[in-house]
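Since the structure comes first, as structure tokens, the remarks are kept for the end.
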Amino acid sequence: MPLNTYRPDLMGSAYINVSDPVVCGSWQSIEFVYTAGHFGIDDSGSIKICFRSASDQTRFQMTQPTAAGFVAIQTSNGAPVKTWFESNRNIRPWHHTLYIQCGRFLSEGDQIRVIFGDQSQGGPGFRTQTFAETSFEFRVHVDAFATYDYVMLPADQQPTMQLVPGPAARFRAILPTLRFVDDSFEFAIKAEDRWGNPTSLVDVELMLKPSRPVAGLPDLVKMRQCDGVLKIPNLRVAEAGQLWIDVVHDGEILAHSNVLVSSQSHPYRHYWSDMHGQSEETVGTNSAREYFTFARDKGLVDIIGHQGNDFQITDAFWDELNRLTAEFDQPGRFLAIPGYEWSGNTSVGGDHNVWYRTEGRPIYRAHRALVMEDSQPQHDCLDANALFSKLADEDALIVAHVGGRYADVKYAHSAKLEPSVEVHSAWGTFEWIVEEALSSGYRVGIVAASDGHKGRPGASYPGASKFGSYGGLTCHLLPELSRDALFAEFRQRHHYATTGCRPYLDIRLIGLQNATREIPTGVERVEEALMGDIIVCENTELTLQFEIAAQSGVERIEIRDGSSLLDCIRPHESSRDSGRRVRVQCEGAEYRGRGRLVSWDVSVEFSDATIERTSAYNFWNPDKPVDAQSSIAHWSNVTTGGTHCVDFWLNDPTEGDLTFSSQVATFTVPLRSLGTQDYRVDCGGLDKAVRIFRLPDDPLPAFFSETRSIKLHHHAERRLYLKVVFEDGHMAWTSPIFVRHPE
């Protein structure tokens, strides 16, 4: 909502020379023309052209005509202009702003002509944002009277263009994760452009190769004009076991699906959620209706929430969100959960997601910085303690989140309302919040979501901007897909979190003696425990059993007890020193807040070995690949608490040295000294480090099961969970099992 609304009809008009859709991430040169209105523009008055903060288009500049993003500006009356571009000097969410200040006045009809991405002097233009948007806006504000108080042009005078996906660059294959034998299920194939947008620009015949027979699965499918996703419903398998499906074209595997486990005995099915993201009504992209539609039809999740910042949600939009969740919610097929993000500053508790079981409940705001209305002030909650107090009698869930404002879990907590904390989103990876909650004595589970701002819930690629991670997902263990089941099992912490992959994970304690499990109505007798359970038992020795079935190989499994590492299992350990593959991994963050991003400009050089090939993981920006030649490689990438890594296959991994050079750290290590154990160089910050270790030449096994014995001490509660690191750079965390002796 603009602050100044004085006579926008007399402030002029604007247009761009674009009528056809523009491909996401393409290089463009676009002409923008502003025509002054009745008042003209006074000496030193100005206009500003604003773009959404989510946009990752090329940053504009006015000093280097041959470089990307050059902007050329002229006025029709010859008035000189002063111009500058800033990314954080306008009202949210229109952060990216070009200012044009007039050195002499403009009269009605005079024009300011702007060439965004001027190519006349050899520049490449500018790269448009990398994600699709129905109506990408060049939002124009006018300071006609040189008061520095801007008036926004009327909506019908704001130039817009449509951004659409490019041609298919890769394919994804998605199955459910855990179903019962004879359950009907759906297999989906998704075509994505190079930036992760589902695209209809595909025309290909695909062969489907399942690992075991699937009733109803065709041998061949044709993918064309399907809006990016082809769904094959009503499939069945007759026996318990594991299923994956390869998508093949001309003998090449284009996509390898995640694993579907069919069970005859498991008490739950697995359902995937992305319960945290935003649309254009707050700080995201595209409308809330498009947001829910994408999650269901293209993000291919089972459960969605919309978590707009409370200080941007008007009463009218809150009502609209409730109407949309009621409309999209279809038990058994797709759940849409009403909610919002309580967005208090960290000093008063920090970001917390709130979900309600039913529509029509109040929105309790942290503040009203961008909501120009004062209705229901009794619903304002100015700190997290007030929020927990207001929600004490509501049928609600709360999860602490790390975004721009990170949550301070020590400031406020309610065991009844806050069953879990969020370990990962597009903002990064935040294991520290899990450790902080557990060290505070909280019994919390672990979830992940995208907090996506780019209109792609369930498949939230970071693009080329400050979001350095692919958005996370949570797998919920539910007896059925309904809100009642979701809220009941969420409160029992029956879920696990991932960085966006969809593995099958199962962890349990078996052989429990005289054991009880906490349930909402009291306790019940049990002989085994699942992730999230709170158990009292008389065992002195615990038997921990776990199973992993994934789309990618298992690189390591950490068994943790709260913040303590009990064991690190590397399934490939027996092949120590047998391969030629060396992994170089960068990880960590600068600190907890907004400035957490670490930029890595890396050079890796081998003194007496030749690079035969490389493979890079968590390199989400396709414009910044690894450049490897002979014995040296270069790359530029970022981390925001998580990792990126490059694997090198060397002709001889035992002779000479590896030298790592960057602005973060520089060191040399003899190749002969490297094994499957980590060689780690601490770089300060928040777990900022470089790790180097050996891996086998061939892909790692994607299936792993194990049983481990763990002592149960009388004096301490165990909080047992797994962190799983996969070969492709993805990670997963199970919610802890809390177990103690009755004494």
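To convert, take the position in the sequence shown, counting from 1, and add 6; that gives our numbering.
Ideal Cβ placement from N, Cα and C applies to all residues, glycine included.
(message) Helix, strand or coil, according to DSSP, for Ile439 in the structure here?
(response) helix
(request) Mind checking which residues open and close the beta strand (DSSP E) that includes Asp663? (result) Asp663 to Ser667
(message) Using the Cβ count rule (16 or more neighbours within 10 Å means buried), how would you classify Ile617?
(response) Ile617 comes out buried.
(message) Only counting the same chain, and skipping five residues up and downstream in sequence, which positions put a Cβ closer than 7 Å to that of Arg562?
(response) Cys574, Ile575, Arg576 and Val731
(message) Suppose contacts are defined by Cβ-Cβ distances below 8 Å. Is Asp49 in contact with Arg119 by that definition?
(response) No Cβ-Cβ contact shorter than 8 Å links Asp49 with Arg119.
(message) Give me the residue from Ser642, Asp188, Ala138 and Leu403 with the minimum Cα distance to Pro463.
(response) For the set Ser642, Asp188, Ala138 and Leu403, the Cα lying nearest the Cα of Pro463 is the one of Ala138.
(request) Look at the Cβ atom of Tyr362, then the Cβ atom of Ala413, and state whether they are nearer than 8 Å. (result) no
(request) Could you say if the stretch 584 to 603 and the stretch 700 to 708 meet the contact criterion of at least three C-beta pairs nearer than 8 Å? (result) yes
(request) In angstroms with no decimal places, state the Cα-to-Cα distance between Gly350 and Leu487. (result) 32 Å
(message) Is it buried or exposed, Thr527, if we count other Cβ atoms within 10 angstroms and call 16 or more buried?
(response) exposed
(request) Identify which residue in Gln164, Thr665, Ile251 and Asp457 has its Cα closest to the Cα of Ile55. (result) Gln164
(request) Look at the alpha carbon of Ile47 and the alpha carbon of Thr89, and state the distance between them as a whole number of angstroms. (result) 15 Å
(request) Grab the span of the beta strand (DSSP E) containing Glu139 for me, first residue to last. (result) Glu139 to Glu143
(request) Using the DSSP secondary-structure output, state which residues sit across from Glu611 in a beta bridge. (result) Looking at the DSSP assignment, Glu611 forms a beta bridge with Ile638 and Thr665.
(request) Could you say which of Trp739, Gln117 and Ala722 lies nearest to His747 if we only look at CA atoms? (result) Nearest C-alpha to His747: Ala722.
(request) Identify whether Tyr346 lies in helix, strand or coil by the three-state DSSP scheme. (result) strand
(request) Please go through the stretch 300 to 369 and give each complete beta strand (DSSP E) segment of 3 or more residues, from N-terminal end onward. (result) 309 to 311, 341 to 343, 345 to 349 and 357 to 362
(message) Give me, in chain order, the residues of the same chain whose beta-carbon lies closer than 7 Å to that of Pro468; leave out the 5 immediate sequence neighbours on both sides.
(response) Ala432, Gly474, Ser475, Tyr476 and Trp626
(request) Tell me where the alpha helix (DSSP H) around Ala671 begins and ends. (result) No alpha helix (DSSP H) contains Ala671, which DSSP labels as neither H nor E.
(message) For Arg523, report the span of its beta strand (DSSP E) as first-last.
(response) It spans Ala521 to Ile525 - the beta strand (DSSP E) in which Arg523 sits, taken as one unbroken run.
(request) Please work out which residues of its chain come closer than 6 Å, Cβ to Cβ, to His407, disregarding the five sequence neighbours upstream and downstream, and give them in chain order. (result) Asp357, Asn359, Ala413 and Glu428
(message) Can you list, in chain order, the residues of its chain with a C-beta nearer than 6 Å to that of Asp155? Leave out the 5 residues immediately preceding and following it.
(response) Cβ within range, chain order: Asn10.
(message) Between which residues of its own chain and Val644 is the CB-CB distance below 7 Å, once the five residues before and five after are set aside?
(response) Gly474, Leu603, Val604, Ser605 and Trp606
(message) Taking the alpha carbon of Ala152 as the reference point, which residue from Ile106, Ala197, Ala174 and Glu333 has its own alpha carbon closest?
(response) Ile106
(request) Rounded to whole angstroms, what's the CA-CA distance from Gly355 to Ile404? Just pull it up for me. (result) The C-alpha of Gly355 lies about 13 Å from the C-alpha of Ile404.
(request) Decide if Ala244 is buried, meaning its Cβ has at least 16 other Cβ atoms within 10 Å, or exposed. (result) exposed
(message) If you measure between the beta carbons of Arg275 and Leu341, is that distance less than 8 Å?
(response) Taking 8 Å as the cut-off, the Cβ atoms of Arg275 and Leu341 do not count as close.
(request) Could you tell me whether the Cβ atoms of Ala197 and Gly234 are closer together than 8 Å? (result) yes
(message) Helix, strand or coil, according to DSSP, for Leu677 in the structure here?
(response) The three-state reading of DSSP puts Leu677 in helix, counting H, G and I together.
(request) Taking all protein chains shown into account, decide if Met378 is buried (16 or more other Cβ within 10 angstroms of its Cβ) or exposed. (result) exposed
(request) Would you decide whether Asp149 is buried or exposed? Buried here means 16 or more other CB atoms lie within 10 Å of its CB. (result) buried
(request) Jot down the residue ranges of each uninterrupted alpha helix (DSSP H) in the stretch 447 to 533, minimum 4 residues, whole runs only, in chain order. (result) 489 to 497
(request) Kindly identify the DSSP beta-bridge partner or partners of Val170. (result) Val29
(request) List the whole-angstrom C-beta distance separating Gln231 from Phe132, where the pair is believed to meet the contact cut-off of C-beta under 8 Å. (result) Contact flag wrong, Cβ pair sits at about 30 Å.
(request) Over the uninterrupted beta strand (DSSP E) stretch that includes Lys196, give me the two end residues. (result) Phe191 to Glu198
(request) Please list, in chain order, all residues of the same chain as Trp655 whose beta carbon is under 7 Å from its beta carbon, the five residues on each side excluded. (result) Arg586, Arg587, Glu618, Arg619 and Asp703
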